[in-house]
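Okay, structure first, notes after.
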Amino acid sequence: MSEGVKKFLYVNRKAPHGTIYALEALEVVLIGAAFEQDVELAFLDDGVFQLVKGWDTKDLGSKNFAPTYMALGDFEVTKVFVEKESLDERGLTADDLMELMYEDEDDDWAEKPSIRIVSREEMARIMAANDVILSF
Amino acid sequence: MAYDVNGTTVEHDEEGYITNLSDWTKELAEVIAKEENVEMTDEHWEVVNFLREYYDEYQIAPAIRVLVKAMKKKFGPEKGNNKYLYELFPYGPAKQACKIAGLPKPTGCV
Amino acid sequence: MAMLHTVNKSPYEKSALESCLNHVSEGDTVLLIEDGVYAVVKGGRAANALASVKGVKIAALEADLKARGIGGDKITEGVEVVDYGGFVDLVEANDKTEAWL
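Chains as they are written, first to last, in the numbering used here: chain A, 1 to 136; chain B, 137 to 246; chain C, 247 to 347.
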């Protein structure tokens, strides 16, 4: 493993509401990012449902954490990988997803999209390339 | 445990964060600030209002690093730095200002 | 950068194993634990899936197999049965671990 800052990959494979995993993952990611870790996020399988835009849990009486994903860019979490095959299998496309953005400090604070759609093969390579994998 | 705001009681946890976010009022903020030994000036209100707006939009309190960056963008570098924020809120800008702003305790930050 | 993947869900209830096998790289190890061990039962759909993945070591935890009455020739070929010590050895032998929950 490389010295110094470790690369962390948070793997999200669960839908947002059936279990507490999605919310817990998001909180852990934001805490980790506050400590300036090098953080990447992966969404595959049912995890892609977390990023579908327009969900609102108000009527469920549980915390509506959909807007919190929009804060990831502020916390400098700028690499969000979403697996194309997982979207396809669920009848979703990139257009169905939230528009997560970040401001690139090295490019005059230009707004850039954080989400990158990757193939299953690329996802496997991303997993292999990180130092630590945390699964939710 | 509760704060007393002109005869009304507002519940808080053992660290002083209010239990019900919708209980917050400007008067309550003054009461919490007094307990924290913070005298609220316009500069303090700027930060507290900013935190409330941020929470309203994202449902999360910003980490200190995020707060500094966002303050810098909105109010300029003379206010968007650690020193300025710590002078206003000596016990940790995010933590102390969040308490006064009526937000939940920020996760993993000062 | 070899990786140890653990799978703890039955392949007949959850897609964790399928998803794991879709993301392994050559030289990795898949360790089946808890209900994940049901995948090794010979003749099952999951056992066939395990056999179709090349270049990846498949292991299953002995205690979990025993607890479920899976042993001897019930276990499909190519599966290495490991005890808790073997589990630790696998963690040590790989650069990192990914849990497929």
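C-beta: ideal position from N, C-alpha, C; glycine also.
- Glutamate 83 of chain A is a Cβ neighbour of valine 118 of chain A, given a cutoff of 8 Å.
- Inter-segment contact for the region 195-213 of chain B and the region 299-310 of chain C is absent: fewer than three beta-carbon pairs are separated by less than 8 Å.
- Counting only residues of its own chain and dropping the five nearest sequence neighbours on each side, phenylalanine 65 of chain A has a CB closer than 7 Å to the CB of Leu23 and Leu26.
- In this structure, DSSP gives valine 82 of chain A an extended state, which the three-state scheme calls strand.
- Pairing alanine 248 of chain C with leucine 277 of chain C, the inter-Cα distance amounts to about 13 Å.
- Here glycine 73 of chain A is actually not in contact with methionine 98 of chain A; their C-beta atoms are around 11 Å apart, not less than 8 Å.
- Spanning the alpha carbons of tyrosine 191 of chain B and alanine 197 of chain B requires a straight line of approximately 5 Å.
- Here proline 240 of chain B has Tyr153, Leu157, Ala197 and Cys234 as same chain residues with Cβ atoms under 8 Å from its own Cβ, once five neighbours each way along the sequence are excluded.
- Secondary structure remark: continuous beta strand (DSSP E) runs of at least 3 residues inside the region 28-115 of chain A, in chain order: 38-43, 80-83, 101-104 and 110-113.
- Excluding sequence positions up to five before and after alanine 15 of chain A, its CB lies within less than 8 Å of the CB of Ala22, Asp46, Gly47, Phe49 and Gln50, all in the same chain and listed in chain order.
- Bridge pairing for leucine 307 of chain C: C/Val328 [DSSP].
- Taking C-beta atoms under 8 Å as the contact rule, glutamate 111 of chain A and glutamate 105 of chain A fail to qualify, at a distance of about 12 Å.
- Within the DSSP secondary-structure output, serine 135 of chain A pairs in a beta bridge with A/Val11.
- The region 305-321 of chain C and the region 268-287 of chain C touch, with three or more beta-carbon pairs separated by less than 8 Å.
- Interface annotation for the region 66-92 of chain A against chain B: Pro67, Thr68, Met70, Ala71, Asp74 and Phe75, criterion Cβ-Cβ distance under 7 Å.
- Contact annotation for asparagine 64 of chain A against chain B: Gln195 [CB-CB distance below 9 Å, chain order].
- Aspartate 274 of chain C has its alpha-carbon roughly 24 Å from the corresponding atom of glycine 289 of chain C.
- The beta carbon of alanine 34 of chain A falls within 8 Å of a beta carbon belonging to chain B, placing the residue at that interface.
- Residue state for tyrosine 194 of chain B is assigned as helix, using DSSP reduced to three classes.
- Per DSSP, reduced to three states, the secondary structure at lysine 162 of chain B is helical.
- Glutamate 147 of chain B sits in a strand when the DSSP states are folded into three classes.
- Remark: C-beta atoms of threonine 252 of chain C and threonine 322 of chain C do not approach each other more closely than 8 Å.
- The region 203-229 of chain B is shown to contain whole alpha helix (DSSP H) runs of 4 or more residues at 218-224, in chain order.
- Scanning its chain for C-beta atoms nearer than 8 Å, with the 5 sequence neighbours on each side dropped, one finds around glycine 324 of chain C the residues Leu296, Ala297 and Ile304, in chain order.
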